[in-house]
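Residue numbers (the working numbering), protein chains in the order written: chain A, 2 to 136; chain B, 777 to 1072. The next block holds one structure in the form of structure tokens; read it before the comments.
Next up, the structure:
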């Protein structure tokens, strides 16, 4: 997979890597069981600190997105979060609340927000289907 | 919590040349395992500071410690644990690349031959070539090989990429990330002084901006990109005549407004929103932009 670091986003670099791996795994661009690039070549390629990539992979592992097999590398795990269902819901609600607040400030009314969410879900499904066909 | 002993600790360093002050009350603390940027304009005192670390200059006042030791009293102990790449590299002209590396290796307790072979191949350096026949880029590459092979705890880089072409610069940085950081990452500490900040943006996790011999700002890189924002607003009427407390710089141009915020970005965005702009955007400042905004 290809990564894109944007220093103007204000988001810490390691979180950008985390989010991009999660997005790729959710859309099926990278499949369960597939290996992530190892730390050194990825750090060299993106010209970022080795510790930044290591931190991103540690975070992905603690979120249950990848698993590290010593001596072999980091692999995408099947999608089953180690967290309990209510915890997972609570984490998502926090994110949704931010979107709701943002929608208010950007003057996007509730019905429009809901249809936007549906659109985005459809885009994600579309991507998943394309990636399944390629397999 | 007990912090580990800093690799570099500089307190109130003063070093004066014949006329004018080179370093005038400078402070710096670098923890092990970090890649630390020392940013400053030409003449800010970066090289003088590094020379004090290397005991090439004796501080007039203040204290300098490396690994908790005074480099003037424990010069050998300090130097066996660090390596230094200056901006201008000089070798003995009668030696070849091979002889130069062997000569430099003879001063070291440890030298990773495997790393050396890999880097010579990567840089396509001819071992039999005399150092006088090397380009500036190649001389820097040889110096980098000589600095990385002993696998030191601290790598001091003084304007290492100035005057090099973009390809050599990229390779230089990739090598520092790959070959140097590969070892025990918790112990591999880097201090890089530079004014070519954007190239080192991804590598640096903490930095100090130095100006006129003093430290003016020390921050984590992620923190800096979080705190400093460039906010742009466009109105369909001339920009309202409001003042923006907390903005570092304000630029007005007809119906457009550009502000640099340091920390108070959310409040400024809120204030602008209430003025009903046509468009409103904000983005983080890169480290180079933080540097410019701080010294402007």
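A virtual CB, placed ideally from N, CA and C, is assigned to each residue, including glycine. Keep in mind it's a predicted model, so treat the numbers as computed, not measured.
If you look at residue 15 (chain A), you'll find it in the alpha helix (DSSP H) that goes 14–28.
With a cutoff of 8 Å on beta-carbon distance, residue 50 (chain A) and residue 57 (chain A) are scored as not near each other. Within the DSSP secondary-structure output, residue 855 (chain B) pairs in no beta bridge. The segment 820–888 of chain B contains, as complete beta strand (DSSP E) runs of 3+ residues, the segments 837–842, 858–861 (chain order). When CB distances to chain B are screened at a threshold of 7 Å, the residues of the segment 23–50 of chain A falling below it are 41, 44, 45, 47, 48, 49, 50, in chain order. Judged by beta-carbon spacing, residue 802 (chain B) lies within the 8 Å limit of residue 990 (chain B), meaning their Cβ atoms are closer than that value. Annotation: the continuous beta strand (DSSP E) that includes residue 1058 (chain B) extends over 1055–1060. Excluding its 5 nearest sequence neighbours in each direction, residue 881 (chain B) has C-beta neighbours in its own chain below 6 Å: 887, listed in chain order.
Within its own chain, the residues whose Cβ lies closer than 7 Å to the Cβ of residue 19 (chain A), once the five positions on either side in sequence are excluded, are 57, 60, 61, listed in chain order. Residue 960 (chain B) does not reach chain A, its nearest Cβ partner there being about 11 Å away, counting only Cβ pairs nearer than 8 Å. The beta carbons of residue 907 (chain B) and residue 876 (chain B) sit closer together than 8 Å.
Taking one beta carbon from each stretch, the segment 928–937 of chain B and the segment 818–835 of chain B have 3 or more pairs nearer than 8 Å; the two touch. Of all C-beta pairs linking the segment 993–1002 of chain B to the segment 7–19 of chain A, three or more are shorter than 8 Å, placing the two stretches in contact. Residue 813 (chain B) places its beta carbon 8 Å or farther from that of residue 48 (chain A).
The shortest C-alpha to C-alpha distance from residue 72 (chain A) to any of A:2, A:119, A:36 is the one to A:36. In the structure shown, residue 31 (chain A) adopts coil according to DSSP, grouped into three states. Relative to residue 862 (chain B), the option among B:894, B:899, B:922 whose CA is nearest is B:922. Per DSSP, the unbroken alpha helix (DSSP H) holding residue 1063 (chain B) starts and ends at 1063–1071.
Cβ-Cβ distances below 7 Å link residue 23 (chain A) to 66 in the same chain, with the five nearest sequence neighbours on each side left out; the list follows chain order.
Taken through DSSP and simplified to helix, strand or coil, residue 2 (chain A) comes out as coil. Taking C-beta atoms as the reference points, residue 835 (chain B) and residue 789 (chain B) count as a pair closer than 8 Å. Distances from the CA of residue 1013 (chain B) to each of B:987, B:957, B:1044, B:1055 were compared; the closest alpha carbon is that of B:1055.
Judged by their CB atoms, residue 981 (chain B) and residue 52 (chain A) are nearer to each other than the 8 Å cut-off. Restricting attention to alpha helix (DSSP H) runs no shorter than 4 residues, the segment 44–69 of chain A encloses them at 51–63, ordered along the chain. CA-CA distance, residue 30 (chain A) to residue 64 (chain A), rounds to 19 Å. In the structure shown, residue 980 (chain B) adopts coil according to DSSP, grouped into three states. Residue 11 (chain A) belongs to the set of residues whose beta carbon lies under 8 Å from a beta carbon in chain B.
With a cutoff of 8 Å on beta-carbon distance, residue 985 (chain B) and residue 956 (chain B) are scored as not near each other.
Put simply, of B:809, B:784, B:793, B:792 the residue whose alpha carbon is nearest the alpha carbon of residue 960 (chain B) is B:809.
In the pairwise beta carbon analysis, the segment 119–129 of chain A is classified as not touching the segment 90–110 of chain A: fewer than three pairs are separated by under 8 Å. In terms of Cβ geometry, residue 973 (chain B) and residue 1061 (chain B) do not form a close pair [threshold 8 Å]. Non-local beta-carbon contacts of residue 1066 (chain B) in its own chain, meaning distances under 6 Å to residues more than five positions away in sequence, involve 1000, 1004 in chain order. Near chain A, meaning a CB-to-CB distance below 9 Å, the residues of the segment 913–946 of chain B are 946. Within its own chain, the residues whose Cβ lies closer than 7 Å to the Cβ of residue 782 (chain B), once the five positions on either side in sequence are excluded, are 805, 806, 807, listed in chain order. Contact of residue 965 (chain B) with chain A is not assigned, every C-beta pair being separated by 8 Å or more. For secondary structure counted as the alpha helix (DSSP H) over 4 or more consecutive residues, the segment 886–956 of chain B holds these complete runs in sequence order: 889–898, 912–924, 942–951.
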